[in-house]
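A.B. asks: Chains as they are written, first to last, in my numbering: chain A, 38 to 238; chain B, -12 to 228.
Could you have a look at this structure, given as structure tokens, before my questions?
Below is the structure:
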């Protein structure tokens, strides 16, 4: 970023090459729509671009970028016209753009069925988490960010981040266990979640 | 230690957030407790599952689209994400809120906003999870900034403007200006009852304005925005006059 601020235009390309993919990955999980996530990535980098004359390196570039992305995502999630995120990732969004692929569609064939099933369950449960929990667990577990960095990104305390991550992880575990129990009772993964719930009742 | 706190400890352990000493102690417990070991394994498996989630590949044309937006200038650049409603009004809103609250404070020094007390007593993170969605939107909008540099610093900038507003409102505000705002402030008064001067003063400091969780009532927001409109109108009239 400092190189870019100093006038090296190619440094901006490097930033985009390095962080565009992870940010897109993160935002897709937050807004659960690929097309919107792409828009947000553009917007985030556009803001980076415009900030070159004012940028002060007070935080890691990635933390700063994720904060911009997070705020954009939160704004997007609160738009009145926005529908709730899809709880099932294989639903078609309203705009016709593809949503995220199911894990089982993209994993290597060699992966065990159990691992894929679990990932599918976790994926569905992740989309159901409150947004701040979803953001915190993703940044921690997937991006490998420290609680301090997440706290800076979410503009909260490390203690809050610890609680958010813990609550998110507990919810995911609970969901996986519930589904395990459902499977043990003779229900299969291709059964719609709503049907499973009805049967459990 | 409760199950809850042990799980929280395990979670922090997985994330590498425990001190070496606590991590070693937990390791020792896990080694001797099969149940704890199973819980740790489950948590780790969930982490692995998260990492295994795939997403769409980066579209080849995304960089080119970004470039077009960069070259299109600031107006074209912000059109696609409804920024006119969700991003650009953060600063004016903050200024309006600040000006309104301060004016109210000046007029009703012995009053008490329930929300202010909440903001003073409640950690921002907890408040932000309990406030209404509409209010949360406001908080987020204000957190978002054009000046991408650093949201926290930018908001300090906003609050610096607020300081200027304080000076304007306290030192050079005319009776006319206050009179312009009086109707709106009348509406706000019930919400300000009971707060001490000190509480309100603290609320006006950066922390309270930082999260804007003080404003839990949309009517109050609207009243404050109306006040700013009236103030702007007065300013324009004075210019013309």
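For glycine and all other residues, C-beta sits at the position ideal for the given N, C-alpha and C.
Fair warning: this is a prediction, and the values are worked out from it, not measured in the lab.
1) Can you pull the chain B neighbours of residue 44 of chain A, defined as C-beta to C-beta under 9 Å?
2) For residue 97 of chain A, go through chain B and note every residue whose CB falls closer than 7 Å to its CB, in chain order.
3) Going by beta-carbon coordinates alone, are residue 53 of chain B and residue 83 of chain A separated by less than 9 Å?
4) Chain A beta carbons: is any one of them nearer than 9 Å to that of residue 46 of chain B?
5) Using a Cβ-Cβ cutoff of less than 7 Å, which residues in the same chain neighbour residue 32 of chain B once the five nearest sequence positions on both sides are dropped?
6) Relative to chain B, which residues along the segment 167 to 182 of chain A have a C-beta separation below 8 Å, given in chain order?
7) Quick one: Cα of residue -9 of chain B to Cα of residue 210 of chain A, how far?
8) In whole angstroms, what separates the C-alpha of residue 55 of chain A from that of residue 51 of chain B?
9) If we ignore side chains and look at the alpha-carbon of each, how far apart do residue 225 of chain B and residue 109 of chain A end up?
10) When you compare the CB of residue 23 of chain B with every CB in chain A, is at least one pair closer than 9 Å?
11) For residue 17 of chain B, report the span of its alpha helix (DSSP H) as first-last.
12) Using the Cβ count rule (16 or more neighbours within 10 Å means buried), how would you classify residue 45 of chain A?
13) Indicate whether at least one CB of chain B lies closer than 9 Å to the CB of residue 165 of chain A.
14) Would residue 7 of chain B pass as an interface residue toward chain A - the criterion being a Cβ-Cβ separation below 9 Å?
15) Tell me which same chain residues have a C-beta within less than 8 Å of the C-beta of residue -4 of chain B, skipping the five on either side of it?
16) Could you tell me the distance, in whole angstroms, from the CA atom of residue 68 of chain A to the CA atom of residue 203 of chain A?
17) Please identify the residue among A:193, A:150 and A:163 whose C-alpha is closest to the C-alpha of residue 212 of chain A.
18) Residue 199 of chain A: buried (16+ other C-beta within 10 angstroms of its C-beta) or exposed?
19) Can you check which of these residues, A:192, A:98 and A:215, is closest to residue 111 of chain A by C-alpha distance?
20) For chain A, is any of its Cβ atoms less than 9 Å away from the one on residue 32 of chain B?
21) Looking at C-alpha atoms only, which residue of B:7, B:0, B:37 and B:38 is the closest neighbour of residue 23 of chain B?
22) Taking only beta-carbon positions, decide if residue 207 of chain A is within less than 9 Å of chain B.
23) Measuring alpha carbon to alpha carbon, tell me which residue in A:184, A:152 and A:208 is nearest residue 165 of chain A.
24) Label residue 64 of chain A either buried or exposed according to how many other C-beta atoms from any shown protein chain fall within 10 Å of its C-beta, with 16 as the threshold for buried.
25) Would you mind working out which of B:-7, B:-6 and B:2 sits nearest residue 184 of chain A, comparing C-alpha positions?
26) Give the secondary structure of residue 236 of chain B by DSSP, where H, G and I count as helix, E and B as strand, and everything else as coil.
27) State yes or no: is the beta carbon of residue 3 of chain B nearer than 9 Å to at least one beta carbon in chain A?
28) Any beta carbon of chain B sitting closer than 9 Å to that of residue 41 of chain A?
29) For residue 116 of chain A, which three-state DSSP category applies?
30) Taking the Cβ atom as the reference point for each residue, do residue 241 of chain A and residue 172 of chain A lie within a distance shorter than 9 Å?
31) Suppose contacts are defined by Cβ-Cβ distances below 9 Å. Is residue 74 of chain A in contact with residue 102 of chain A by that definition?
32) Would you say residue 103 of chain A faces chain B, with C-beta separation under 9 Å as the test?
33) Tell me which residue opens and which closes the alpha helix (DSSP H) that residue 188 of chain A is part of.
34) Taking only beta-carbon positions, decide if residue 27 of chain B is within less than 9 Å of chain A.
C.D. replies: Taking the coordinates as given:
1) Going along chain B, no residue has its Cβ under 9 Å from residue 44 of chain A, so there is no contact; the nearest lies around 15 Å.
2) Residues of chain B passing the Cβ test: none, with the nearest at roughly 11 Å.
3) yes
4) yes
5) none
6) 167, 169, 174, 175, 177, 178 and 179
7) 13 Å
8) 16 Å
9) 38 Å
10) no
11) 7 to 19
12) exposed
13) no
14) no
15) -12, 5, 9 and 13
16) 21 Å
17) A:163
18) buried
19) A:192
20) yes
21) B:0
22) yes
23) A:208
24) buried
25) B:2
26) Because residue 236 of chain B is not part of the residues shown, which for chain B are -12 to 228, the question remains open.
27) yes
28) no
29) coil
30) Nothing in the structure corresponds to residue 241 of chain A, since chain A is present only between 38 and 238.
31) no
32) no
33) 184 to 191
34) no
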